[in-house]
Amino acid sequence: MRHQKDFAVGAYTVSFVPVGNLNKSACDCGVYAVKFIECHALGLALSLLHDGNIIEARHRILWDLWEAANDPELIDRMSKYQYPECLSSTVEEIL
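Each residue of the sequence shown is one higher than the last, beginning at 220 in our numbering.
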């Protein structure tokens, strides 16, 4: 016997808007994504991000990652990291 709940779901439409290239370089998607998240989390205007400053943002992210990768404290902690034990479970097949 099948049970069906009453869902308040209605039909919706999707509109695709043709948009040209948003940035000069096709390689800045990740930098824009990280900076959009950062601006949103800090409550900053997204208009702060543009092609004029995204290369500097890319370099800053690169530098931060380089510093983190060469941090003696982090290297020491990662060398002592132990993987957590995984709990085994049975696989249930859904029909």
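Each residue gets a CB set at the ideal place from its N, CA and C atoms; glycine is no exception.
| Asked | Found |
| --- | --- |
| Express the C-alpha separation of I294 and A287 in angstroms, rounding to a whole number. | 9 Å |
| In whole angstroms, what is the alpha-carbon distance linking A245 and L267? | 19 Å |
| Please classify K299 as buried or exposed, where buried requires at least 16 other C-beta atoms within 10 Å of its C-beta. | exposed |
| Return the CA-CA distance between N272 and F235, expressed in angstroms with no decimal places. | 29 Å |
| What are the boundary residues of the alpha helix (DSSP H) that L268 is part of? | L268 -> no alpha helix (DSSP H), and no H or E assigned at all. |
| Less than 8 Å between the C-beta atoms of V253 and I280, yes or no? | yes |
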